[in-house]
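Undergrad: Here the sequence shown stands for residues 2 to 192, numbered as in our numbering. We put the beta carbon where it would ideally sit given N, CA and C, even for glycine. Because the structure is a prediction, the values reported are computed rather than measured. My questions will all concern the structure given below.
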Amino acid sequence: MRIWNSEHTFNHSWDTVVTAAWRKYPNPHNPSVLGLDVLDRRVDSEGKLKSHRLLSTSWGFPSWVRKMIGMQDMCYASELSTVDPENKTFTLRTRNVTLSNIVTVDEHVTYCQHPTDPNKTLLKQEATVTVSGLPLCNKLEQMMTDAMTNNASKGRQAMEFVIDKLTKEARELSAEAQKCMDTVLPHANTL
């Protein structure tokens, strides 16, 4: 078993980061996530948004590893998430479904408002990787945690990409609304 963790501070508000997190996939920085399907979504009695999604991914293992463990190109993971707008936390717990009898990856991700700066968001990630019943278990666990380190960096780049995209969309929408107002208001005075 190997435990991996990472922390990162985004220079954006929690609301902005959470909005981007919901729209993170697909993106050019994380091509391994091929699809997301919402299995269940509801708001509980405390006003928290609870979701259960199925992620379709490609783990990107070398072909010799895929052959050794009988892995297909497409892998699936189950993600349970909670958005708590009152406490400004967004937590995600993800576990692989594919090959869970020999490889288990439990990931816990939390986005929370930075404790000292409300204009920033703290991201905490932790994963436990366990490979059992295969030769070279330690080597496979190390390969997976190394990949997580690389993918965490790509994930942060993807978040910045999506935040930039959202900012651009907001500017374009604002400009279009202003254009409409400029067209309508002069005619309103003549009525």
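In terms of DSSP beta bridges, what is residue 6 paired with?
TA: 127.
Undergrad: Distance, Cα to Cα, residue 42 vs residue 84?
TA: Going by the C-alpha atoms only, they are around 11 Å apart.
Undergrad: Please state the DSSP three-state secondary structure of residue 97.
TA: Looking at residue 97 - three-state DSSP - the assignment turns out to be strand.
Undergrad: What residue from 154, 57, 24 and 95 has the CA that sits closest to residue 111's CA?
TA: It is 95 whose Cα lies nearest to the Cα of residue 111.
Undergrad: Examine the Cβ distances between the segment 19 to 34 and the segment 152 to 166 and report whether three or more of them are shorter than 8 Å.
TA: The answer is yes - the segment 152 to 166 touches the segment 19 to 34, with three or more Cβ pairs under 8 Å.
Undergrad: Do you know offhand how far residue 24's Cα is from residue 74's?
TA: Taking the straight line joining both Cα atoms gives about 24 Å.
Undergrad: On the DSSP letters alone, give me the boundaries of the beta strand (DSSP E) that residue 38 sits inside.
TA: Segment 34 to 44, the beta strand (DSSP E) holding residue 38.
Undergrad: What's the gap between the Cα of residue 118 and the Cα of residue 90?
TA: Looking at the two C-alpha atoms, the distance is approximately 15 Å.
Undergrad: Taking the alpha helix (DSSP H) that residue 16 falls in, what are its first and last residues?
TA: Looking at the DSSP string, the run of the alpha helix (DSSP H) that includes residue 16 is 15 to 23.
Undergrad: Assess, as a yes-or-no matter, whether the segment 162 to 175 is touched by the segment 135 to 150 under the definition of 3 or more beta carbon pairs within less than 8 Å.
TA: These segments do not touch.
Undergrad: Quick one: grab the DSSP three-state call for residue 117.
TA: In the structure shown, residue 117 sits in coil (DSSP, three-state: anything other than H, G, I, E or B).
Undergrad: Within the same chain, show all residues whose beta-carbon is closer than 6 Å to that of residue 5, passing over the 5 residues directly before and after it, in chain order.
TA: Excluding residues within five positions, the ones whose Cβ falls inside 6 Å are 128, 146 and 149.
Undergrad: Excluding the 5 residues preceding and the 5 following residue 10 in the sequence, name in chain order all residues of the same chain whose CB lies nearer than 8 Å to its CB.
TA: Only 115, 121, 122, 123 and 124 meet the Cβ criterion.
Undergrad: Quick check: what's the CA-CA separation for residue 82 versus residue 141?
TA: Their Cα atoms are separated by approximately 28 Å.
Undergrad: Assign residue 160 to one of two classes, buried (16 or more other C-beta atoms within 10 Å of its C-beta) or exposed (fewer than that).
TA: Buried, since its Cβ has 16 or more Cβ neighbours within 10 Å.
Undergrad: Within 10 angstroms of its Cβ, does residue 181 collect 16 or more other Cβ (buried), or is it exposed?
TA: Flag for residue 181 reads exposed.
Undergrad: Quick check on residue 85: does DSSP put it in helix, strand or coil?
TA: DSSP places residue 85 in strand when its eight states are reduced to three.
Undergrad: Does DSSP put residue 49 in a helix, in a strand, or in coil?
TA: Coil, per DSSP.
Undergrad: Can you tell me which of the three DSSP states residue 183 falls into?
TA: Three-state DSSP puts residue 183 in a helix.
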